[in-house]
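J.: These protein sequences, in sequence, are chains R and Y.
In terms of the UniProt record's numbering, the first sequence has 132 at position 132, counting the first letter as 1, and numbering is strictly consecutive.
In terms of the UniProt record's numbering, the second sequence has 37 at position 37, counting the first letter as 1, and numbering is strictly consecutive.
All residues carry an ideal CB built from backbone N, CA and C; glycine is no exception.
Mind having a look at this structure? Questions to follow.
2 protein chains.
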Amino acid sequence: MAKEIERKFLIDLDKLGPLNDGTFIKQAYIATPDKTTVRLRLKGEDAYLTLKGANKGISRTEFEYAIPPEDAKAIMAELCTGPAIEKTRYLVEHVGHTWEVDIFYGDNDGLVVAEIELSSEDESFEKPDWVVKEVSGDPKYYNSSLLNTPFNQW
Amino acid sequence: MAKEIERKFLIDLDKLGPLNDGTFIKQAYIATPDKTTVRLRLKGEDAYLTLKGANKGISRTEFEYAIPPEDAKAIMAELCTGPAIEKTRYLVEHVGHTWEVDIFYGDNDGLVVAEIELSSEDESFEKPDWVVKEVSGDPKYYNSSLLNTPFNQW
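Okay, structure coming up:
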């Protein structure tokens, strides 16, 4: 079990400049009627099954397990509803913190967000000049929301 | 990934006679709006996270992962809805097959079922004389159904 404490921002890709090699991520969800999330993720050569509770502010309970990629693919095909989210994740170091920059594809083409994981809700960090606006609390940026109401429908 | 092929029966406990040591099982579910199941199970000293697809006859796609028992307890407490199912499972050998005899507690007190796992849908097996009636196709005996409509409400 872990507490995931994350802040999410819109960014200016032009200001950020050239990116290193990214990791392709494909993720899909088993439908749930509430804010609990059951996520299957293919990330590079690896795969994960992740359970998350409802967001409480910027915190969320998270349980993540590595599973065989063939399992993840079969579960996506057989048990997940709706389309998958596809994005490439780039890691950007900035003053002692690692930012995850996600560039989305498909129906979310054009959407770019950056996330920073914190060890406590009040941990301080320096905001890079390529950060435009915080969207941590906004449900429409949840990856699970981007399935039903993708960026190209906003 | 595995295909779970199972037949389920009501039994006559008196005819079955004395049982060996059983294993206590507690299981709960993350709510889903369809026939997909996300199950957390504590079984003796172990714990499992299991995803299952909808039943197709007596077959069901199943993906099962061992997880730390502390995780399973925390997930049950934080992410599962409804009460847990509690039962003791006894393994009974009969002519080359292992039968799982489940004796339920709580709101399902009085319910006893026996399951046999098969390697194919048409695998033959000898029915013991303590078997009373097959209930393989009956949704009310699904463990996930026993949460919402337990045996004491039938």
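Keeping to the same chain, check which residues put their C-beta closer than 6 Å to that of Y/V131; ignore five residues upstream and five downstream.
T.: Sequence index remark: in the second sequence, residue 131 of chain Y carries index 131 (1-based). Counting only Cβ-Cβ distances below 6 Å, and skipping sequence neighbours, we find F9 and I11.
J.: Just to make sure I have the definition right: I need the residues of chain R whose C-beta is within less than 7 Å of the C-beta of Y/A38. Which are they?
T.: What you label residue 38 of chain Y is simply residue 38 of the second sequence in a count that begins at 1. The question names Ala, but residue 38 of chain Y is Val in the sequence shown. In chain order: I30 and V38.
J.: Going along the chain, which residues of its own chain have a beta-carbon closer than 6 Å to the beta-carbon of Y/E86, five neighbours each way excluded?
T.: Sequence index remark: in the second sequence, residue 86 of chain Y carries index 86 (1-based). The answer, listed in chain order, is K26, Y105 and G106.
J.: For R/E78, report the span of its alpha helix (DSSP H) as first-last.
T.: Looking up residue 78 of chain R in the first sequence gives position 78. That run of the alpha helix (DSSP H) goes P69 to E78.
J.: So what does DSSP say about Y/S124, is it helix, strand or coil?
T.: For the purposes of this step, residue 124 of chain Y is taken as the residue at position 124 of the second sequence. Looking at Y/S124 - three-state DSSP - the assignment turns out to be coil, as it is neither helix nor strand.
J.: Specify the secondary structure class of Y/S59 as computed by DSSP and reduced to three states.
T.: Your numbering for residue 59 of chain Y matches position 59 in the second sequence. In the structure shown, Y/S59 sits in a strand (DSSP, three-state: E or B).
J.: Looking only at its chain, what residues have a beta carbon closer than 8 Å to the beta carbon of R/D109, apart from the 5 residues adjacent to it on each side?
T.: Here residue 109 of chain R refers to the residue found at position 109 when the first sequence is read from its first residue. Cβ neighbours of R/D109 beyond the five flanking positions: F151 and N152.
J.: Compare the Cα-Cα distances from Y/Y142 to each of Y/K35, Y/I30 and Y/P18 and report the closest residue.
T.: Sequence index remark: in the second sequence, residue 142 of chain Y carries index 142 (1-based). Closest by alpha carbon: Y/K35.
J.: Quick check on the burial criterion: 16 or more other C-beta atoms within 10 angstroms. Buried or exposed for R/T98?
T.: The residue given as residue 98 of chain R occupies position 98 in the first sequence. Classification for R/T98: exposed.
J.: DSSP has Y/V38 in a bridge; who is on the other side?
T.: As a first step, residue 38 of chain Y must be located in the second sequence, where it is residue number 38. Note: Y/V38 sits in a beta bridge opposite Y/I30 and Y/L51.
J.: Is the CB-CB distance between R/Y48 and R/A66 below 8 Å?
T.: Residue numbering aside, residue 48 of chain R sits at position 48 when the first sequence is read from its first letter. Residue numbering aside, residue 66 of chain R sits at position 66 when the first sequence is read from its first letter. Yes.
J.: Do Y/S120 and Y/I58 have their C-beta atoms within less than 8 Å of each other?
T.: Residue mapping note: residue 120 of chain Y aligns to position 120 of the second sequence, counting from 1. Residue mapping note: residue 58 of chain Y aligns to position 58 of the second sequence, counting from 1. In this structure, Y/I58 does not lie closer than 8 Å to Y/S120 by Cβ.
J.: Less than 8 Å between the C-beta atoms of R/V112 and R/L13, yes or no?
T.: Taking the first residue of the first sequence as 1, we reach residue 112 of chain R at position 112. Taking the first residue of the first sequence as 1, we reach residue 13 of chain R at position 13. Yes, these two residues count as a Cβ contact at 8 Å.
J.: Taking 8 Å as the threshold (beta carbon to beta carbon), is Y/Y48 in contact with chain R?
T.: For the purposes of this step, residue 48 of chain Y is taken as residue 48 along the second sequence, with counting starting at 1. So, not an interface residue.
J.: Mapping the DSSP letters down to three states, classify R/P18 as helix, strand or coil.
T.: For this step, residue 18 of chain R is matched to residue 18 along the first sequence. DSSP places R/P18 in coil when its eight states are reduced to three.
J.: Mind checking if R/T61 is an interface residue toward chain Y, Cβ cutoff 8 Å exclusive?
T.: The residue given as residue 61 of chain R occupies position 61 in the first sequence. Yes, contact with chain Y.
J.: Using DSSP with H/G/I as helix, E/B as strand and the rest coil, what is Y/D107?
T.: Against the second sequence, residue 107 of chain Y aligns to sequence position 107. DSSP places Y/D107 in helix when its eight states are reduced to three.
J.: Measure from the C-beta of R/E78 to each C-beta in chain Y and report whether the shortest distance is under 8 Å.
T.: Position 78 of the first sequence, counted from the start, is the residue given in the question as residue 78 of chain R. Taking Cβ atoms only, chain Y reaches closer than 8 Å to R/E78, which makes this a yes.
J.: Would Y/R60 pass as a contact of Y/T50 if the rule is Cβ separation under 8 Å?
T.: As a first step, residue 60 of chain Y is located in the second sequence; it is residue number 60 there, counting from the start. As a first step, residue 50 of chain Y is located in the second sequence; it is residue number 50 there, counting from the start. No, the Cβ-Cβ distance between Y/R60 and Y/T50 is not below 8 Å.
J.: Anyone know if the C-beta pair for Y/E62 and Y/E115 falls short of 8 Å?
T.: Indexing the second sequence from 1 puts residue 62 of chain Y at position 62. Indexing the second sequence from 1 puts residue 115 of chain Y at position 115. It is not a contact, given that the beta carbons lie outside the stated cut-off.
J.: If you run the structure through DSSP and keep just helix, strand and coil, what is Y/Y90?
T.: As a first step, residue 90 of chain Y is located in the second sequence; it is residue number 90 there, counting from the start. Y/Y90 falls in the strand class under three-state DSSP.
J.: Please report the residue range of the alpha helix (DSSP H) in which R/S145 lies.
T.: In the first sequence, the residue the question calls residue 145 of chain R occupies position 145. Looking at the DSSP string, the run of the alpha helix (DSSP H) that includes R/S145 is N143 to N148.
J.: Would you please state the rounded distance, in angstroms, between the beta carbons of Y/N20 and Y/G82? I believe it to be under 8 Å.
T.: As a working note, residue 20 of chain Y is residue 20 in the second sequence. As a working note, residue 82 of chain Y is residue 82 in the second sequence. Not quite, the Cβ-Cβ distance comes to about 31 Å (not below 8 Å), so this is no contact.
J.: Assuming contact is defined by CB atoms lying nearer than 8 Å, are R/T88 and R/I75 in contact in what I supplied?
T.: The sequence position of residue 88 of chain R within the first sequence is 88, counting from 1. The sequence position of residue 75 of chain R within the first sequence is 75, counting from 1. No. Outside cutoff.
J.: What residue from R/K133, R/L16, R/P128 and R/Y29 has the CA that sits closest to R/L77's CA?
T.: Here residue 77 of chain R is taken as the residue at index 77 of the first sequence, counted from 1. Sequence inspection shows Ala at residue 77 of chain R; the Leu mentioned does not correspond to that position. Checked all of R/K133, R/L16, R/P128 and R/Y29; the closest Cα to R/A77 is R/Y29.
J.: If you measure from the beta carbon of residue 169 of chain R to each beta carbon in chain Y, is any gap under 8 Å?
T.: The requested residue 169 of chain R is not part of the displayed model; chain R covers only 1 to 154.
J.: Kindly indicate if chain Y contains any beta-carbon less than 8 Å away from that of residue 156 of chain R.
T.: Within the shown structure, residues of chain R are numbered from 1 to 154, placing residue 156 of chain R beyond reach of any answer.
J.: R/G17 and R/Y90: beta carbons closer than 8 Å?
T.: Here residue 17 of chain R refers to the residue found at position 17 of the first sequence. Here residue 90 of chain R refers to the residue found at position 90 of the first sequence. For R/G17 and R/Y90, no; Cβs fall outside 8 Å.
J.: Identify, in the order they occur along the chain, each residue of the same chain with its Cβ nearer than 7 Å to the Cβ of R/K43, setting aside the five sequence neighbours on each side.
T.: Numbered from its first residue, the first sequence carries residue 43 of chain R at position 43. Contacts found: T23 and I25.
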